[in-house]
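Enquirer: Going by full-length UniProt numbering, the first residue of the sequence shown is number 1, and it counts up by one from there.
Built from N, CA and C at the ideal position, the CB exists for glycine as well.
Since this is a predicted model, take the numbers as computed values, not measurements.
Please see the structure below; I have some questions.
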Amino acid sequence: MTESGGLPRRRRRSRRRSRARVRRVLLVGLVVVSVLLAAGGWVGFRGWQARAHLLNAAGLAQELSTQVVGGDVARAQRTLAALQEQAASARTATGDPAWWLGQQAPYAGDDLAAVRQIAVAVDDLARLAFPTLLRVDLASLVPKEGKLDLGRLRAVSAEVSAADRAVRQTEERLRAVSTDDLVGQVRDAVSGLRAELERLGELTSAADQGAKLLPSLLGADGPRSYLLVSQNPAELRATGGMFGAYAVLQAEGGRIRMSGQKSASSLASFTPPLPVSRELRNLWKDLPGTYPADVNLSPDFPTAAALYREMVRRRTGTEVDGVLAVDPLVLSYLLGVLGPVTVPDQPSLAGSTVVRTLLSDAYRTLDTKAQDAFFARAASAVFDALFTKAVNPRSLLTVFNRSIAERRILFWSAHPAEQRVLGDSRLAGKLREKDIVPTVGVFLNDGSGAKLGYYLRFSATVTVGDCQPEGRRELRLRVTVHSTVPRSGLSESVTGLALSGDPYTARTLVSVYTPTGGAVLAGRLDGKDTAMGSGTAGSRQVTVATVEVKPGKTRTLDVTLLTGKTSAGTAELVLTPTVTPWTTQVVSAPSCDQ
């Protein structure tokens, strides 16, 4: 009985232990699932909070950037307080352990990590960059009544540098975040913030460079002199326009004055030509070293400026410390702040009409010698007003920022240490030695000695194509040239050399520079194969196509390019600044590593 009854009892106890284990496993599983669900719900709730705070913060950051640039300090202080509150809340909402746990999960983890990076970047911007920018007196970076306060400028230099570093670091952090899979509103907010930070970064970078360079440039350590060169985009050159009239700027102790205005034609030509690099000669023969009007057939402003400085030295004995180039659109922007100025023996110049006056009307009423004299007097009158009038310093800074961003103000220093500070900034007027993203350059030169650039309209589209097996990408560039040249009524100084019996046909040499390490595959003009010159500029390949356009017509140049090794799904365009701004578009594609 004992043995026969014991076996069932042991089986019953075993079954009870098994059921207990199952209940414990189920209970543990239920607890785990509950925790995961709770964590997921918490992350979802925090994500909703973070999204709301980020959208608010991104909008406030863009608004604050505009107020900082515009000098509206009182409103900027209120906006900053609101931004800091929203940015801190977004950082807190994405910084708890549950959020970190969510970042480790498949699928959603990358999105949560991206949102966290964005929250940190915006909070750093609110805590580090904007407060410093509001403390800095940016007015100290521009002359007041002809003089710059060098002591005051040096006092703010450290803070300007700190603000620029904070903006640049935030900009780089946001650029590294993939937004492809983010919620649409967050993605759009981040894209808008990136664009605004790029604009703000251009301002802080220019301010930083100015704070570092201006004391020595303006004679804090001894007298300085510079060539002020007017680029004339009516006769196109790669950096903007033919070097026309020039003047000598004298600077000492922060005070600036102008003297020695002359025409570029007074420099004549140089035989034998000044030495130029082999790469430049392969593309343009000895023209840049022979004619002052051709020193900037290449888009590299330091090369052009050094050649022009040497030409002036040889002809006049004047040796300067650098070259500053501007164009009539810079004068129009300045006149918008300064108000109209009077030019001796000519109508007054106003911001809304100066471009037409200098690049169209002058050619109808003045001969070549009188035109050059007028250009020199016009530039002198505007800069005299800049150096003597009391104007809103922040408005001037906005004008300088816009002009530099459009590559309409260029500067080169003959002092290597100062030039190194400029680096590859837009003010320096050169392509980067190495691309951050694949960069395509499209640069224009008049090919007939005409002044028809005033009437030409340009557009450029880059379409990012397929990923190549060797790690490159294909880019498809389309450039259109449209002529609004009238069919009659222009003087010979405007029409230049007749082409095919038609002096109103515009001939433009279009130079295309590949991204670094890239290559040119093919070129077509209006859908047909076309002959193109070729060369190199550092690690870039260069191709040159001749595009002739009759009045009222449009020509289309298509060039297929390869990048160097890159996974980027976007590209950047660098262009010759023209009288009427280019119409541009970059058609992006998914990154190759996705």
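1) Evaluate contact between the stretch 313–322 and the stretch 401–416, counting only Cβ atoms and requiring at least three cross-stretch pairs below 8 Å.
2) May I ask which residues mark the beginning and end of the beta strand (DSSP E) holding F400?
3) Taking V586 as the reference, which of V337, V479, E202, E63 has the closest Cα?
4) Taking Cβ to Cβ, would you say G496 is nearer than 8 Å to S448?
5) Starting from A545, follow the beta strand (DSSP E) in both directions and report where the run begins and ends.
6) Just list the residues that DSSP pairs residue 595 with in beta bridges.
7) Apply the 10 Å Cβ neighbour rule to T388 and answer buried if 16 or more other Cβ atoms are within range, or exposed otherwise.
8) For the alpha helix (DSSP H) that contains G489, what are its first and last residues?
9) Near E572, which residues of its chain fall below 6 Å by C-beta distance, leaving aside the five closest residues on each side in sequence?
10) Examine the Cβ distances between the stretch 549–569 and the stretch 462–482 and report whether three or more of them are shorter than 8 Å.
11) Examine the Cβ distances between the stretch 257–268 and the stretch 372–382 and report whether three or more of them are shorter than 8 Å.
12) T583: buried (16+ other C-beta within 10 angstroms of its C-beta) or exposed?
13) Do we get a CB-CB distance below 8 Å when we pair R281 with the residues of chain C?
14) Please classify T132 as buried or exposed, where buried requires at least 16 other C-beta atoms within 10 Å of its C-beta.
15) According to DSSP, is T482 helix, strand or coil?
16) Alpha carbon to alpha carbon, how far is T342 from F375?
17) With the cut-off set at 8 Å, would you say V579 and P233 are in Cβ contact?
18) Name, in chain order, the residues that DSSP records as bridge partners for W582.
19) Going by DSSP, which residues form a beta bridge with M242?
20) Can you name the start and end residues of the beta strand (DSSP E) that L557 belongs to?
21) Go ahead and label V481 buried or exposed: buried means 16 or more other beta carbons lie within 10 angstroms of its beta carbon, across all protein chains shown.
22) Pick helix, strand or coil for N296, following the three-state DSSP scheme.
23) Identify, in the order they occur along the chain, each residue of the same chain with its Cβ nearer than 8 Å to the Cβ of K434, setting aside the five sequence neighbours on each side.
24) Identify the residues that DSSP records as bridge partners of A537: which are they?
25) Is it buried or exposed, A531, if we count other Cβ atoms within 10 angstroms and call 16 or more buried?
26) Return yes when the Cβ of A264 is within less than 8 Å of the Cβ of A293, no when it is not.
Expert: The short version:
1) yes
2) Careful: F400 lies outside any beta strand (DSSP E), inside the alpha helix (DSSP H) at 393–405.
3) V479
4) yes
5) 540–549
6) This structure gives no information on residue 595, because the portion of the chain shown stretches from 1 to 594.
7) exposed
8) Here G489 belongs to no alpha helix (DSSP H), and DSSP marks it neither H nor E.
9) V437, T439
10) yes
11) yes
12) exposed
13) You won't find chain C in this structure, because it holds only one protein chain.
14) buried
15) Going by the sequence as given, residue 482 is His instead of Thr. In the structure shown, H482 sits in a strand (DSSP, three-state: E or B).
16) 13 Å
17) yes
18) Beta-bridge pairing links W582 to no other residue.
19) N232
20) 554–562
21) buried
22) coil
23) T516, S539
24) R540
25) exposed
26) yes
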